[in-house]
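Novice:
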Amino acid sequence: MAPPSARIDQQILAPEQSPRISVASHNKILEIVMLRGGLLWLIGIPLPVILILWLLGYLH
1 MAPPSARIDQ
11 QILAPEQSPR
21 ISVASHNKIL
31 EIVMLRGGLL
41 WLIGIPLPVI
51 LILWLLGYLH
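Read left to right, the sequence shown gives residues 1 to 60 (UniProt numbering).
Next up, the structure:
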């Protein structure tokens, strides 16, 4: 097995093998993750509150 310094040198010498994404792609991925998180929050947080209000009789 190669020493760690040799592995680092290989990574530096062969940048075409390292996975790279553009800034635009990275921003798009972050946007999708934030949108999904927002949708899950909208579904998950108000639902228990609505159920509690219904059980307490505020929505009858």
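Just so you know, even glycine gets a beta-carbon here, dropped at the ideal spot from N, CA and C.
Where do the N-terminal and C-terminal ends of the alpha helix (DSSP H) with I32 fall, by residue?
Specialist: As a working mapping, residue 32 is identified with position 32 in the sequence shown. Residues 23-44.
Novice: According to DSSP, is L53 part of a helix, a strand, or is it coil?
Specialist: The residue given as residue 53 occupies position 53 in the sequence shown. Correct three-state label for L53: helix.
Novice: Whole angstroms is fine: what's the gap from L55's alpha carbon to G37's?
Specialist: By one-based count along the sequence shown, residue 55 stands at place 55. By one-based count along the sequence shown, residue 37 stands at place 37. Approximately 27 Å between the Cα atoms of the pair.
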